[in-house]
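Before any comments, here is the structure.
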Amino acid sequence: MKTATAVILGAVMVLMAVPAFASRGRNVDVAVVSDRGNVFQLIPHKGYSTGSTYVFKQYLEARKGENYSLLIRNHLSERIGVVVAVDGRNIITGKKSFLGSGEMMYIVEPYGQARLDGWRTSDENVNRFYFTSSDDSYSVRTFSDTSAMGVIAVAVFREKQRPIVLYEQERSLDRAQGASPAPRRESKQATRDEAGTGFGIEQYSPVVKIEFEPERIPVEKFLVKYEWTNELCKKGIIQCRPEARNRLWDRDEYAPYPPGYYLR
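Going by this note's numbering, the letters in the sequence shown line up with residues 24 to 287, in that order.
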């Protein structure tokens, strides 16, 4: 039987309280939150079906230097697998992601929820996600990869066969499956100030390794394109009008001439 290796988060991740979700899917909800607990507003762009997968595309206004986490809630009565990629890289392995069923993924329990805080570097730790410039992003600094800069992607997979199973826990996750230490040039470095995700401070976040056989095709995909405010303004995604003038505070130094009045 062909199976995909997956990792399951500790119970502390599943039981934590979460705020209202920004992106509501049919089977899964996804939110991007700051360390202060604020939910980043996701601006709907389009939704469409491609085969048996429904795709949600949205924009997000990024705030430079701010740590963020991904919150995923499972509405199904069965466990699911989620492949998550940030700036085109799988957040568990660091490898280039195509959101495929053969990639490393996180498991979310039935009616459970999980918080993903960063790039996984071992069984015990992750390094935090934070919004930064593209040249400081993990994808560019480590792999010189700008092919999917500024995109948070979540692909949701149901289990191919869903029997009741006992998890065989393995306390050792092969570090060779982690991010390759040797940078590999895949594309030219960014020449403009795009939003990217950095490789932040280390944080304790334990996982165990299990077997999970996903269906070949995901049931849902969430694609979030995050940009700086000025870029969203240029694209017309958000309205950015000059602040209204205060009639008593903001005024010219001298009284203006009446319309049609000409100096002699």
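Every residue, glycine too, gets a C-beta built ideally from N, C-alpha and C.
Per the coordinates, the alpha-carbon of Val231 lies some 23 Å from the alpha-carbon of Arg239.
For Thr155, the secondary structure class from DSSP, reduced to helix, strand or coil, is strand. About 19 Å separates the CB atoms of Phe154 and Lys80; that is not less than 8 Å, and the two are not in contact. In the three-state reduction of the DSSP assignment, Lys257 falls in the helix class, which pools H, G and I.
When DSSP states are grouped into helix, strand and coil, Arg112 belongs to the strand group. Judged by DSSP in its simplified three-state form, Arg164 adopts helix. For Thr144, the secondary structure class from DSSP, reduced to helix, strand or coil, is coil. Annotation for Gly104: Ala29, Met128, Ile130, Phe180, Phe235 and Pro237 place their beta carbon closer than 6 Å to its own, counting only its chain and skipping 5 residues before and after.
In the three-state scheme derived from DSSP, where H, G and I count as helix and E and B as strand, Thr252 is classed as helix. DSSP places Gly223 inside the beta strand (DSSP E), whose first and last residues are Ala218 to Tyr227. For Tyr91, the pairing in a beta bridge is given by DSSP as Ser57 and Phe152. In this structure, DSSP gives Gln81 an extended state, which the three-state scheme calls strand. Taking a C-beta distance under 8 Å as the contact criterion, Ile175 and Val55 qualify as a contact pair. The shortest CA-to-CA distance from Asn90 to any of Gly125, Asp58, Asn148 and Lys258 is the one to Asp58. CA-to-CA, the gap between Gln136 and Arg268 works out to about 46 Å. By the C-beta density criterion, Asp216 is exposed, having fewer than 16 other C-beta atoms within 10 angstroms.
It is roughly 9 Å from the alpha-carbon of Tyr161 to the alpha-carbon of Trp142. Beta-bridge partners assigned by DSSP to Gly70: Phe79. Out of Gly48, Ser145, Leu93 and Gly111, the CA that lies nearest to the CA of Val78 is found in Gly48. Taking the Cα of Asp140 as reference, the smallest distance to any Cα among Thr116, Leu94, Lys69 and Val242 is reached at Leu94. With a cutoff of 8 Å on beta-carbon distance, Pro241 and Leu122 are scored as near each other. Look at Leu271 here: in three-state DSSP terms it is coil, with no helix or strand label.
With fewer than 16 other beta carbons inside 10 angstroms of its own, Leu271 counts as exposed. Bounds of the beta strand (DSSP E) holding Ile175 are Val174 to Arg181. In this structure Tyr249 is buried. Its beta-carbon is surrounded by 16 or more other beta-carbon atoms within 10 angstroms. For Glu243, the number of other beta carbons within 10 angstroms of its own is at least 16, and it is reported as buried.
For Arg264, the number of other beta carbons within 10 angstroms of its own is below 16, and it is reported as exposed. Cα atoms of Leu255 and Gln184: separation of roughly 43 Å, rounded to the nearest angstrom.
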